[in-house]
Amino acid sequence: MSTIKISEDLRNLLYSLPEVDVESLLESYQKPIRQSIRVNTLKAREEDVLNILREKGVELEKIPWTRYGYWVINDINLSNMLEHMLGLIYIQGAVSMAPVEVLSPKPGEFILDLCAAPGSKTTQIAQALQGEGVIVANDVNVKRIRALSSNVQRCGVINCVITQADGRKFPLWAKGFFDKVLVDAPCTSLGIVSKDWGAAKNWSFRASERLSKLQLSLAISGFDCLKVGGVMIYATCTLSPQENEWVIDRLITIRPSACLKSIKLEGLKMSKGILEWQHNKFNPELEQCVRVYPYEHEAEGFFMAKIVKEGDDS
Amino acid sequence: MLERHYGAEDFSDKVLIQAGEGKIRLTTSDTIKVAEKMRGVQSLGLYIAKLEGQEVVLSIEGSQLLCNSIKKNWIELTEEQARLWMEGAPIQLDKPTAARYVVAFYKRLCLGCGRVSADGKVYPQVPKWRRIQRE
Chain A
84 MSTIKISEDL RNLLYSLPEV DVESLLESYQ KPIRQSIRVN TLKAREEDVL
134 NILREKGVEL EKIPWTRYGY WVINDINLSN MLEHMLGLIY IQGAVSMAPV
184 EVLSPKPGEF ILDLCAAPGS KTTQIAQALQ GEGVIVANDV NVKRIRALSS
234 NVQRCGVINC VITQADGRKF PLWAKGFFDK VLVDAPCTSL GIVSKDWGAA
284 KNWSFRASER LSKLQLSLAI SGFDCLKVGG VMIYATCTLS PQENEWVIDR
334 LITIRPSACL KSIKLEGLKM SKGILEWQHN KFNPELEQCV RVYPYEHEAE
384 GFFMAKIVKE GDDS
Chain B
7 MLERHYGAED FSDKVLIQAG EGKIRLTTSD TIKVAEKMRG VQSLGLYIAK
57 LEGQEVVLSI EGSQLLCNSI KKNWIELTEE QARLWMEGAP IQLDKPTAAR
107 YVVAFYKRLC LGCGRVSADG KVYPQVPKWR RIQRE
């Protein structure tokens, strides 16, 4: 069996993170992520889909923190199943379902998914809206928009507008427009290294710092698109505080009406946001952000922050 | 047209829009209002059908939305045939039909339209990206 190679910068990062079990983390990087699905109730009743899958020998176990999510126990190629192609199920990482659960979309709401491709979370939001309200699913990359369009179609979503725009410019036409915003920002992907070992081999502080500037711009843009009283979730699938706590610390400084809220999800093992890292001391409010490490559930690693817009800064 | 071809009811509470090359998309009035405010709009709503002359060719989603009201021009597939259908392979009809397009059902699932050819086979209109791989 080959062994994962990690860059010197990544080794330094991992040992600088408080509370991280580096040995378990490196071990988890070498194992595949547990397979999981979301039953798409836009297409069929949950019970009917579960029965069809069980008849075909798919063994399922409920994921406690997400309404329609299931672990797949046995080794089955789900992507070649009829049920997948017909949109009855969506293959989605168990922890990647968490940000939308925290966002908690309700029928009738207007929701922006700022970095939407390939559409896992967009279609999850659509499922929660039950055809009432609107999702704007945006991405900057035309190739990724093709995947997004395919997934939105496959899941039978009628109330979605797909846009191709630089997410940083969205407030120019959508300032204060949305009830809820999801910023699932592009990141250095240290939470999903088992899918791509290259992320660990090539990881650098420089790349992380460069991305964090884009992430901050996207977070500010997403926040400015919220109505007063609106909720934004900022999420990444990486572990670097530069791309997580630093971004949120800057956001709440630049936008004083941004107020962090606590996150609770049943059964999901979460650590609090980091308050001190290298030369940085972050706002104590950042303790309300959460980190999920890949070794906790044999799933992806994630960072999430829930932010409420309590006034108008501009 | 839906009534004439499939005996199916219309999408009365939703909005149908034509999106080029005879493609019909289904959406809501709120979605259109929001789209008018956005920039860089690539698409909205759901592709449900294509008009080919006087024929309505339902997409997989179009047929699924009308599933319960389709009363004519449909065929029932076995599990094996359903897999073949989703692989894009033609299905031999049991009995001849005058229809140019039929909707395929597998159990209670709708699998979209297929084109009926003179050789008595139905050629599924499953887009390449939706096809499953042959096992």
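Chains as they are written, first to last, in this note's numbering: chain A, 84 to 397; chain B, 7 to 141.
Ideal placement from N, C-alpha and C gives every residue a C-beta, glycine not left out.
In this text the structure is predicted, and so the values were computed from the model without any measurement.
Nearest Cα to residue 172 of chain A within the set A:254, A:158, A:120, A:276: A:120. Contact check for residue 48 of chain B against residue 246 of chain A passes: the beta carbons are separated by less than 8 Å. Note on residue 182 of chain A: 16 or more other CB atoms within 10 angstroms of its CB, so buried under the neighbour-count rule.
Under DSSP, residue 219 of chain A takes part in a beta bridge, and its partners are A:195, A:244. The C-alpha of residue 88 of chain A is placed about 13 Å away from the C-alpha of residue 273 of chain A.
Exposure of residue 135 of chain B is indicated by the presence of fewer than 16 other C-beta atoms within 10 angstroms of its C-beta. Boundaries of the alpha helix (DSSP H) around residue 70 of chain B: 66 to 72.
Within the region 34 to 56 of chain B, the residues whose Cβ lies closer than 7 Å to any Cβ of chain A are, in chain order, 34, 36, 37, 40, 41, 43, 44, 45, 46, 47, 48, 49, 50, 51, 52, 53.
Note on geometry: alpha-carbon atoms of residue 110 of chain B and residue 152 of chain A lie some 29 Å from one another. Counting only Cβ-Cβ distances below 7 Å, residue 165 of chain A has contacts in chain B at 88, 89, 92, 138, in chain order. DSSP places residue 254 of chain A in the helix class (H, G or I) of the three-state scheme. Each of A:387, A:332, A:337 was checked against the Cα of residue 365 of chain A, and the nearest Cα belongs to A:332. With a cutoff of 8 Å on beta-carbon distance, residue 122 of chain A and residue 109 of chain A are scored as not near each other. Fully contained in the region 319 to 365 of chain A are the following beta strand (DSSP E) runs of length 3 or more, in chain order: 341 to 344.
Bridge pairing for residue 86 of chain A: absent [DSSP]. Between the region 366 to 385 of chain A and the region 228 to 242 of chain A, the count of Cβ pairs shorter than 8 Å is below three; the stretches do not touch. In terms of beta-carbon proximity, residue 76 of chain B stays away from the interface with chain A, with every pair separated by 8 Å or more. For residue 208 of chain A, the enclosing alpha helix (DSSP H) begins and ends at 203 to 212.
With distances taken between CA atoms, residue 72 of chain B lies nearest to A:127 out of A:301, A:229, A:127, A:226. In this structure, DSSP gives residue 48 of chain B an extended state, which the three-state scheme calls strand. Residue 135 of chain B belongs to the set of residues whose beta carbon lies under 8 Å from a beta carbon in chain A. Collapsing the DSSP output to three states places residue 115 of chain B in a strand. DSSP lists A:317 as the bridge partner or partners of residue 388 of chain A. Per DSSP, the beta-bridge partners of residue 174 of chain A are A:120.
In terms of beta-carbon proximity, residue 29 of chain B stays away from the interface with chain A, with every pair separated by 8 Å or more. Judged by beta-carbon spacing, residue 218 of chain A lies within the 8 Å limit of residue 196 of chain A, meaning their Cβ atoms are closer than that value.
Going by DSSP, residue 130 of chain B is part of the beta strand (DSSP E) stretching over 127 to 130.
At a cut-off of 8 Å, the C-beta of residue 169 of chain A has a neighbouring C-beta in chain B. At least one beta carbon of chain B lies nearer than 8 Å to the beta carbon of residue 243 of chain A.
In the DSSP annotation of this structure, the continuous segment of the beta strand (DSSP E) that includes residue 153 of chain A starts and ends at 152 to 155. Taking 8 Å as the cut-off between beta carbons, the residues of the region 216 to 230 of chain A near chain B are 216, 217, 219, 221, 228, in sequence order. Per DSSP, the beta bridge partners of residue 98 of chain B are B:127. Taking 8 Å as the cut-off, the beta carbon of residue 90 of chain A is found no closer than this to the beta carbon of residue 361 of chain A. In the structure shown, residue 103 of chain B falls within a coil segment according to DSSP collapsed to helix, strand and coil. Assigned with DSSP and collapsed to three states, residue 24 of chain B falls in strand. Flagged as an interface residue toward chain B: residue 260 of chain A, by a C-beta distance shorter than 8 Å.
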